[in-house]
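One structure below.
In UniProt numbering, the protein residues as written are 1 to 571.
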């Protein structure tokens, strides 16, 4: 035991020594502040994990905490549990805000320091019950339907499994009769998990969380590489994107398949743009017979472009909106080939053919076909106040009721949502043409297109914001964008959830919110001199796209460019 304690203490000592090693971008006092901020944020996620035992989206049956004395206590004091969850979320969000000083200032933290922070904050949530949503139980039910040989795009959990099935009981009543709206790749993975776990709900949830971790890992891998490609400091992009509170709250804790969709899309975009960067080698030229390294060098750009397109197409088989990335990669390739009409059709047609082939292959291999294309509007039954078209329709409908004109909300919803879709189509077309003409970076165009899609989508959930935030974090570096993103992340992260997976009475939410506010205020007062709450003594310069001091183990990013030669090969 003594030997193990010594090895553990030595490992912790090495952890801290690495952060104050010679060559670290931060000074010793800044490292100390950063480390305290990291611990403060980890304290918040620990509180969230403990509170989730009583305030999380626990299963109706097979609850592993039921009957266990200590673990069952939070479920008996739900208001206290909700207070712990809310307080933890606020602490983590404030810690993220303070961490921004070390990601955006003149001396940025290193890649290893922000990677360790992300890992430390995520660890407590990996073993916690699902939070803020019960969508994971819908995943389990739909996967079990596919395992049983039924079509999850035709039958819902109740008719497919029965109302008394262990998975159906935990699915919200709104979704018990609706078919699956997700792509066949995700349900194929879910069917494999279901075949492995059977009806063991805890084991299945843990495996779905591993799938989420795979997606988060791909996000963390791709974000700094795309940021360097766009001339943004990689630590700044990692802080605003993968380290965002929304990712911890809704992807890691909430177990949403957006993690896999975004991970595959971003990784595919990075690989595809590597191929575009050397796209001159892909232009038609007289046949020759290269050998050895010349042969590999000739075909590697093609391989990168093909791999990237395949990954993006696979991401669309989780959720369809990520297919937009293929369009922006195709326009970047056409721009690299001169931006002509011939280049447009050659690049667009080639990548579209690859994408369709991948989608057909996934549908055939999984046995699920293309039924998911007819269930994409399943979620439209939700009237989300975060969707501007839906909000306008709801407000107009209420005005009509007050004026005695009757309730025409449903008709107005159809009109406003259709207008929103038309605006999305027009804006995305304009962005694609801007990339084709070399006026816009494809990563930036993708982020703006996804942002418009989220904003004008018929249904908007808090975690949908990550569709746009993470790609834009790798490209947009203006203080205005970052300020808006910070405010949205804090407001939606703290106030967006309707409490969480369980239903709470209004007085419980009010009591928990008031208690959390008092606890956070006391914590701020107690840690005022030990954490970077106050402004720094020296002025900090916001990163506006120019590279700052290089992080440890990373190269400074290249200057941003939107010219057609942005994808030219390095000399």
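Using N, Cα and C, we set each Cβ at its ideal position, and we do this for glycine too.
Here the structure is a predicted model, which is why all the values come from computation and not from measurement.
Nearest-angstrom Cα separation, counted from residue j out to residue i
i, j, result
"residue 207", "residue 325", "28 Å"
"residue 367", "residue 143", "13 Å"
"residue 244", "residue 129", "20 Å"
"residue 238", "residue 116", "12 Å"
"residue 233", "residue 475", "10 Å"
"residue 321", "residue 488", "21 Å"
"residue 387", "residue 526", "39 Å"
"residue 481", "residue 519", "31 Å"
"residue 251", "residue 403", "43 Å"
"residue 89", "residue 48", "6 Å"
"residue 278", "residue 103", "32 Å"
"residue 221", "residue 119", "13 Å"
"residue 156", "residue 429", "36 Å"
"residue 533", "residue 82", "26 Å"
"residue 416", "residue 391", "9 Å"
"residue 162", "residue 168", "7 Å"
"residue 312", "residue 53", "36 Å"
"residue 552", "residue 101", "Only weak support is given to the placement of residue 552: the predicted model assigns it a pLDDT of 40, under 50, and the value that follows is read from those uncertain coordinates. Cα to Cα, residue 552 sits roughly 17 Å from residue 101."
"residue 359", "residue 370", "9 Å"
"residue 308", "residue 226", "13 Å"
"residue 301", "residue 473", "26 Å"
"residue 495", "residue 236", "25 Å"
"residue 248", "residue 528", "25 Å"
"residue 241", "residue 466", "8 Å"
"residue 39", "residue 45", "10 Å"
"residue 565", "residue 91", "With a pLDDT of only 40 at residue 565, under the threshold of 50, the placement of this residue in the model should not be trusted, and no figure is reported."
"residue 413", "residue 406", "15 Å"
"residue 318", "residue 355", "14 Å"
Under the three-state DSSP convention, the category residue i falls into
i, result
"residue 250", "helix"
"residue 461", "coil"
"residue 128", "coil"
"residue 370", "coil"
"residue 182", "coil"
"residue 208", "helix"
"residue 113", "helix"
"residue 133", "coil"
"residue 504", "coil"
"residue 332", "helix"
"residue 175", "helix"
"residue 188", "helix"
"residue 287", "The predicted position of residue 287 is uncertain, since its pLDDT is 41 and thus under 50; no value can be drawn from it."
"residue 34", "helix"
"residue 519", "helix"
"residue 527", "coil"
"residue 533", "coil"
"residue 300", "helix"
"residue 163", "coil"
"residue 232", "coil"
"residue 201", "helix"
"residue 255", "coil"
"residue 139", "helix"
"residue 383", "coil"
"residue 407", "coil"
"residue 242", "coil"
"residue 375", "coil"
"residue 579", "The chain is shown only over 1 to 571; residue 579 falls outside these bounds and no answer can be derived."
"residue 237", "helix"
Reference residue i, options the options, closest by Cα
i, options, result
"residue 299", "470, 321, 164 and 275", "275"
"residue 433", "192, 50 and 343", "343"
"residue 513", "127, 346, 248 and 79", "79"
"residue 177", "196, 166, 33 and 154", "154"
"residue 515", "41, 242, 361 and 86", "86"
"residue 181", "508, 379, 75 and 385", "379"
"residue 448", "506, 458, 435 and 67", "435"
"residue 365", "521, 122, 186 and 77", "186"
"residue 585", "338, 262 and 58", "The chain is shown from 1 up to 571; residue 585 falls before or after that span and cannot be answered."
"residue 195", "348, 337 and 147", "147"
"residue 377", "437, 446, 400 and 460", "460"
"residue 219", "173, 229, 268 and 249", "268"
"residue 25", "270, 257, 107 and 256", "107"
"residue 174", "445, 255, 93 and 382", "382"
"residue 96", "121, 471, 259 and 112", "121"
Open item on the list: Threshold first: 4 residues or longer. Then list the alpha helix (DSSP H) segments lying entirely within the stretch 420-495, N to C.
Closed with: 442-456, 466-473 and 479-495
- [ ] Scan the stretch 46-116 and note each continuous alpha helix (DSSP H) run of 4 residues or more that stays entirely inside, going in chain order.
- [x] 69-76 and 78-104
TODO: Run through the stretch 302-358 for me and flag every whole alpha helix (DSSP H) of 4 or more residues, listed as ranges in chain order.
DONE: 324-336
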